[in-house]
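Working notes for the structure below.
Numbering (our numbering), first residue to last: 0 to 388.
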């Protein structure tokens with residue numbers, strides 16, 4: 000019995016010894032096998048920390064709703080109907096002086112009435128309405144219809160073609176008005192609501208987010224700094240309200256990108272911060288005063304930079320200059336490369352135009368330019384930008 004137990008223990012000890020030796024050899028010559036067997040994969044998991052107020056609200060009243068924002072803003076969003084009298088041209092044959100000499104006026108010019116629609120936003124109880132200029136441009140009659148069923152004729156207080164904005168005035172008592180927000184506070188991903196009168200079906204609200212801010216070079220207007228949204232904007236929405244979740248006005252719906260004529264999830268709105276400044280000047284002067292020095296300029300290209308031995312593409316080159324304009328009188332020339340205005344670097348034609356237009360007419364600016372490889376500083380008295388009608 001003792002021999003049997005001794006034999007059993009000897010085999011156990013021998014097995015443990017072999018296992019130990021194998022483990023040592025494995026660690027020495029094949030460490031990667033041990034790592035594969037024992038390593039732990041780390042994953043980073045999101046920690047859910049819901050806002051208790053939102054959770055409670057959702058539990059008590061159901062899914063999230065923006066009805067409060069709509070109720071706050073909708074009464075101030077109006078439908079705009081315009082009528083324009085168009086005179087049809089007389090056929091060229093009957094408009095010829097020789098024909099008229101022998102046969103008189105055989106065909107009288109005919110007129111027809113063209114109707115169009117859009118939207119607007121009442122921004123004060125006094126009856127001022129903000130809309131797009133293209134909604135009311137060249138209109139002979141303008142009718143504003145409110146959500147409460149009332150309607151009234153409107154007059155144009157002023158317009159600004161360069162930002163495609165216009166201000167109207169209606170005379171009605173107890174008018175609702177919208178609260179103006181701050182478009183500068185908007186961030187990509189913020190929820191917004193678009194309100195207007197698409198296709199003339201009546202006031203409609205669509206939902207989306209801010210897709211981008213600061214959109215430029217779209218060919219919509221002279222000064223572009225658009226809010227992009229995927230909230231559905233369709234024909235008839237122009238001039239309507241883009242509001243945040245509090246019902247505050249953050250933009251004026253202006254245009255869409257579409258290959259079919261309908262919404263494709265890419266709409267553009269003029270930021271309310273821009274509209275506020277336009278509104279302020281239109282109420283004061285009937286138009287917008289902007290600085291101007293009378294030049295045409297373009298962005299630098301690699302070819303231009305190589306020609307002038309420039310190290311980078313920042314700045315703009317003057318391509319044309321108005322004779323006896325502010326820049327011409329100050330001594331600027333075509334071919335000059337503007338690199339700074341009042342010490343602020345000019346990166347492209349947009350930044351140069353903004354620096355000039357934001358300067359009040361009559362003030363002086365220092366233009367830093369390159370000419371013949373030399374750096375110059377020229378004082379220019381800013382003029383007033385011609386008003387487009």
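Just so you know, even glycine gets a beta-carbon here, dropped at the ideal spot from N, CA and C. Quick caveat, the model's predicted, so the values are computed rather than measured.
Secondary structure at residue 375: strand, using DSSP grouped into helix, strand and coil. The residues 132, 165, in chain order, have a CB closer than 6 Å to that of residue 158 in the same chain once the five nearest residues on each side in sequence are set aside.
The residue among 162, 307, 314, 202 with its C-alpha nearest the C-alpha of residue 217 is 162. For the options 377, 313, 354, 66, the alpha carbon positioned closest to that of residue 205 is the one of 66. Taking the C-beta atoms as reference points, residue 68 is found nearer than 8 Å to residue 192. Here residue 72 is buried. Its C-beta has 16 or more other C-beta atoms within 10 Å.
Here the alpha carbons of residue 291 and residue 160 stand approximately 16 Å from one another. One alpha carbon belongs to residue 282, the other to residue 240, and they sit about 20 Å apart. By the Cβ criterion, the stretch 372-384 is in contact with the stretch 323-336, since at least three pairs of Cβ atoms, one from each stretch, lie closer than 8 Å. The Cβ neighbour count for residue 243, taken over all protein chains shown within 10 Å, is at least 16; the residue is labelled buried. Taking C-alpha positions only, residue 320 is separated from residue 366 by approximately 15 Å.
The shortest C-alpha to C-alpha distance from residue 265 to any of 211, 235, 251, 75 is the one to 211. At the C-beta level, residue 188 and residue 252 stay beyond 8 Å of one another. With contacts defined as CB atoms closer than 8 Å, residue 347 and residue 315 qualify as a contacting pair. Secondary structure note for residue 326: its alpha helix (DSSP H) is the uninterrupted segment 325-329.
Each residue's CA atom was taken as its position, placing residue 279 and residue 306 some 45 Å apart. Of the residues assessed, residue 186 falls on the exposed side of the cut-off, its CB having fewer than 16 other CB atoms within 10 angstroms. Checking the DSSP bridge columns, you'll see residue 206 partnered with 192. Residue 361 and residue 167 have their C-alpha atoms some 29 Å from each other. Residue 126 is positioned such that its CB atom lies closer than 8 Å to that of residue 169. Take the alpha-carbon of residue 172 and the one of residue 79: they are about 18 Å apart. Put simply, the backbone Cα of residue 249 is about 25 Å away from that of residue 141.
DSSP, read as helix, strand or coil, puts residue 167 in strand. By the C-beta density criterion, residue 289 is buried, having at least 16 other C-beta atoms within 10 angstroms. Residue 219 sits in coil when the DSSP states are folded into three classes, being neither helix nor strand. Going by C-alpha positions, residue 286 is about 43 Å away from residue 308. With a beta-carbon spacing of about 6 Å, residue 146 and residue 202 fall inside the 8 Å limit used to define contacts. Residue pairing by DSSP leaves residue 182 without any beta bridge partner. Bounds of the beta strand (DSSP E) holding residue 118 are 110-121.
With a contact defined as Cβ atoms closer than 8 Å, residue 81 and residue 115 qualify at about 5 Å. In the structure shown, the three-state DSSP call for residue 363 is strand.
Boundaries of the alpha helix (DSSP H) harbouring residue 276: 271-284, taken from the DSSP string. In this structure, the beta-carbon distance from residue 358 to residue 238 does not fall below 8 Å. When the five nearest sequence neighbours on each side are left out, the beta carbons in the same chain lying within less than 8 Å of the beta carbon of residue 150 are those of 142, 143, 144, in order along the chain. Per DSSP, reduced to three states, the secondary structure at residue 252 is strand.
In this structure, the beta-carbon distance from residue 364 to residue 331 does not fall below 8 Å.
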